[in-house]
Structure formats: C-alpha cells, structure tokens
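Per numbering that gives the first Met the number 0: the sequence shown = residues 0 to 359.
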Amino acid sequence: MGRIYNFSAGPAVLPEEVLQQAAADMMDYHGCGMSVMEMSHRSKMFQDIIDEAEKDLRTLMNIPDNYKVLFLQGGASLQFAMIPLNLMKNKKADYIVTGQWAKKAYQEAKKYGDVVAVASSADKTFSYIPDCSDLPIREDADYVYICENNTIYGTKFHTLPNTKGKDLISDVSSCFLSEPVDVTKYGMIYGGVQKNVGPAGLVIAIIREDLIPETVDDTVPTMMQYKIHVENGSMYNTPNCWAIYICGLVFKWLLKNGGLEAMQKRNIEKAKILYDFLDQSKLFKGTVEPGSRSLMNVPFVTGNEELDAKFVKEAKAAGLENLKGHRSVGGMRASIYNAMPKAGVEALVAFMKKFEEENA
Ligand SMILES: *Cc1c(COP(=O)(O)O)cnc(C)c1O
Numbered sequence: 000m001g002r003i004y005n006f007s008a009g010p011a012v013l014p015e016e017v018l019q020q021a022a023a024d025m026m027d028y029h030g031c032g033m034s035v036m037e038m039s040h041r042s043k044m045f046q047d048i049i050d051e052a053e054k055d056l057r058t059l060m061n062i063p064d065n066y067k068v069l070f071l072q073g074g075a076s077l078q079f080a081m082i083p084l085n086l087m088k089n090k091k092a093d094y095i096v097t098g099q100w101a102k103k104a105y106q107e108a109k110k111y112g113d114v115v116a117v118a119s120s121a122d123k124t125f126s127y128i129p130d131c132s133d134l135p136i137r138e139d140a141d142y143v144y145i146c147e148n149n150t151i152y153g154t155k156f157h158t159l160p161n162t163k164g165k166d167l168i169s170d171v172s173s174c175f176l177s178e179p180v181d182v183t184k185y186g187m188i189y190g191g192v193q194k195n196v197g198p199a200g201l202v203i204a205i206i207r208e209d210l211i212p213e214t215v216d217d218t219v220p221t222m223m224q225y226k227i228h229v230e231n232g233s234m235y236n237t238p239n240c241w242a243i244y245i246c247g248l249v250f251k252w253l254l255k256n257g258g259l260e261a262m263q264k265r266n267i268e269k270a271k272i273l274y275d276f277l278d279q280s281k282l283f284k285g286t287v288e289p290g291s292r293s294l295m296n297v298p299f300v301t302g303n304e305e306l307d308a309k310f311v312k313e314a315k316a317a318g319l320e321n322l323k324g325h326r327s328v329g330g331m332r333a334s335i336y337n338a339m340p341k342a343g344v345e346a347l348v349a350f351m352k353k354f355e356e357e358n359a
C-alpha cells in the first residue's frame, strides 16, 4: 500500500523527502553508527543538529538577534500556563477569544491573574475573526494574546489586532511557517510543531529578549521558566532530540523550496482550489465568513449529518483520509498544510464533485 492523502489537523502530513531522509539516516546518522534517537544530547553531533535548526529557522523567518528561539516540551498547551507565569508582570493580560485553543489559554491564564477577554467570536460559533482595530485594551495590561490560526474553526487573523502599544503574544501552531511573518510585530510567537512543521511533542517559542524576566515567583517550576531554558540553550533537561532533528530537516526542505514567500504562494493556490469549489457547490458549504478564512484548515458541511458521515467514509476508501471535522463541530475539515501537495487538494475536489453528482 502506498501513501494516502492525509488531511489530518495534527499530527499531520510531513514532506516525503524529509521522511525519506530520516529513513536513510535511521541506522547510521552521518557515519556515527547510530540514529539521532540514540545519541547523547550533550554530544557535538546533536549540538550541531540543534544549532543548525535554529540557524535555519532564523533565516526562514528573518528572526532579529534580540529574539530568543527556544525548543520546549509540554505541547502548545503548557505555554498556556508558562506565558502568564513568566510574562504577566502586572498580573493583568487581555485575551482575544476566537476558538477553543484561545479559550483554553484564556482560562489557564485566569488562574494566575486578572485576565479579561476583550473580544470574542463565540456568538457565531467562532466562524469569524472579530474587528480588533479598537479594543478596550487596558493601560496596564502586560500583553495581548491571540490564537492566530484557529485549527478547529478554520479562521485566521488576516490583520493583527491593534494592541495599543502592548506586546502581542501569538499562538501560531497551525499556521507556523505557512507564510512570511514580521517577527518584530510580536513580543512572542510560539507553536506546537505537530501541525505544520514536525512531529508531536515539541514547541518552538520565539521571544523578545527583554520580555524574559530575570526572576519569577518562587513557586514557578524551574522547567517552566523561560530564563532557565535560555541559559541552557533549550537543554536544561533532555530535549525532544528527535523532533528537533526532524524540524531541522523540514527547515532545509522549506529553504530549498523557496522559503516562506514560495510557501505562501503555494498555500494560497491550494486553498483557492478548495474554496472556489465550495463557493459554487450546491451540496457542500464552507462554514467560515470569507474574510476570515484560513489557508490551512478548511471546515465544510453538507448540512446533513448522515451525508457528512457517508462522505468521510467514502473519501477514506478513495485514499483521502482524516477529513472528519473536530468532535466539537462535526462536519468535515481538510487541513492542507505546507506538505500537502496541490495534487492532494485537486484529488479532494474531484472526489467532492463526484460525491455531489451521486448524492444530488
Ligand atoms: C493543536 C493546537 C494546540 C495544542 O497543542 P498541543 O501540542 O497538543 O498542546 C494549541 N493551539 C493550537 C492553535 C493548536 O492547533
């Protein structure tokens, strides 16, 4: 059996060339006689892997020198706590709630301070990004928090909020490296890599140096202090060596394929194929307001639950997998990350056309 088209939201499809490289390196990485999984994280071999990964990521995203790059564990979800514990100096922060991940981050932060949801799109099941041009951001808020691409609902901030001078903290898990980004507009950018970059279990955090506090509350666990990870080059304890290595290969794949400008162009092209079809279909309907659409996660429905289930089942039989919508919203969702080839999206649309004809 060959490879399928995998529309999973995460863990998700990786570039075939990267998987092949990892397979070729598996028994004997660069002549050292072992795999990357088996080597000491204190070895020169691994130090070179992590240094090269950071260097390539800095090139890809054009990360300025005054930003630290950290490779952390605990998933994006641990950042929901680490962010307030480290960055909420006045114990006040303003959150924009545009979906489940933003809501989880907001609820977690509330444990540690005076946290307010200054905007939300819960009124229409998170199907749009609210107008964030003039929000009641508090004078003494430490930061403004967003989830930039909402994996579950398929919305994306196309304009960053006006934070009125406050530092912007952004969860980019599901749009990481999908388009060029101006890092200087953010205090911190972070994402779990298992959506668009690499294997599960690694989070990359890019934080402006001056935001990282010298001291935090005594009760903050050592492992949850950014300063500790900065001082130890992301190796205070054993890092997720394997995931760092795979991400490094993905960074090289991105650089070789034209970097983030080229990815953006490809991603726009791919998403357009699917959205154009949805916009004229008599059976399928996209669930997101057109101005808020994500290039990465595309939810859609037929309006009939039984027909949705039939579609998911028949699509799977046709080699188009993981199209079931998130358990909280139902319907379908196609995640079309960087590594999803255009041919995969074309195959999906061809299948949808056929299904529409057969079920009219
Ligand atoms: C998947 C996801 C998370 C959670 O990631 P974990 O690594 O499972 O903790 C957080 N935010 C967004 C936007 C996600 O898509």
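Cβ coordinates follow ideal geometry from the N, Cα and C atoms, glycine included.
- For residue 95, the uninterrupted beta strand (DSSP E) run begins and ends at 91-96, by DSSP.
- Looking at the DSSP output, residue 155 sits in a beta bridge with 148.
- Between the region 67-82 and the region 205-212, the count of C-beta pairs closer than 8 Å reaches three or more; the two stretches touch.
- Taking each of 252, 7, 129 in turn and checking the Cα distance to residue 150, the smallest one comes out for 7.
- Runs of the alpha helix (DSSP H) spanning 4 or more residues and lying entirely within the region 211-297 occur at 225-230, 240-255, 258-279, in chain order.
- Runs of the beta strand (DSSP E) spanning 3 or more residues and lying entirely within the region 114-201 occur at 142-146, 166-170, 187-191, in chain order.
- Three or more beta-carbon pairs drawn from the region 246-255 and the region 14-24 are found closer than 8 Å, and the two stretches are therefore classed as touching.
- The bridge partners DSSP lists for residue 320 are 5.
- Exposure of residue 279 is indicated by the presence of fewer than 16 other C-beta atoms within 10 angstroms of its C-beta.
- The three-state secondary structure of residue 335, taken from DSSP, is coil.
- DSSP places residue 306 in the helix class (H, G or I) of the three-state scheme.
- In this chain, the beta strand (DSSP E) harbouring residue 71 covers 66-71.
- Here the distance from the Cβ of residue 193 to the nearest heavy atom of ligand 1 is below 7 Å.
- The C-alpha of residue 138 lies about 39 Å from the C-alpha of residue 332.
- Distances from the CB of residue 240 to the heavy atoms of ligand 1 are all 7 Å or more.
- Between residue 341 and residue 268, the gap from beta carbon to beta carbon is short of 8 Å.
- The beta carbon of residue 83 sits closer than 8 Å to the beta carbons of 92, 107, 108, 110, 111, 112, 114 from its chain, once the five residues preceding and following it are set aside; these are given in chain order.
- Nearest neighbour of residue 281 by Cα position, chosen from 302, 173, 232, turns out to be 302.
- Closest in alpha carbon position to residue 120, among 134, 97, 105, 141, is 97.
- Straight-line spacing of the CA atoms in residue 287 and residue 300 works out to 11 Å.
- Residue 328 sits in coil when the DSSP states are folded into three classes, being neither helix nor strand.
- The three-state reading of DSSP puts residue 12 in coil, since its state is none of H, G, I, E or B.
- Residue 346 sits in a helix when the DSSP states are folded into three classes.
- Judged by beta-carbon spacing, residue 270 lies beyond the 8 Å limit of residue 198, meaning their Cβ atoms are not closer than that value.
- Minimum Cα-Cα distance from residue 225 among the listed residues 12, 31, 72, 14 corresponds to 72.
- Distance between residue 221 and residue 4, taken at the CA atoms: about 42 Å.
- Residue 63 sits exposed, since fewer than 16 C-beta atoms from the chains shown fall within 10 Å of its C-beta.
- Within 7 Å of the C-beta of residue 204 there is not a single heavy atom belonging to ligand 1.
- In this structure, residue 59 and residue 176 form a Cβ contact; the two beta carbons are roughly 7 Å apart against a cut-off of 8 Å.
- Taking the Cα positions, residue 215 is about 30 Å away from residue 180.
- By the C-beta criterion, the region 120-134 is judged to be in contact with the region 154-163, since at least 3 inter-stretch pairs fall below 8 Å.
- Remark: the C-beta of residue 80 is outside contact range of ligand 1, defined as less than 7 Å to any heavy atom.
- In this structure, ligand 1 has no non-hydrogen atom nearer than 7 Å to the beta-carbon of residue 329.
- Judged by their CB atoms, residue 211 and residue 182 are not nearer to each other than the 8 Å cut-off.
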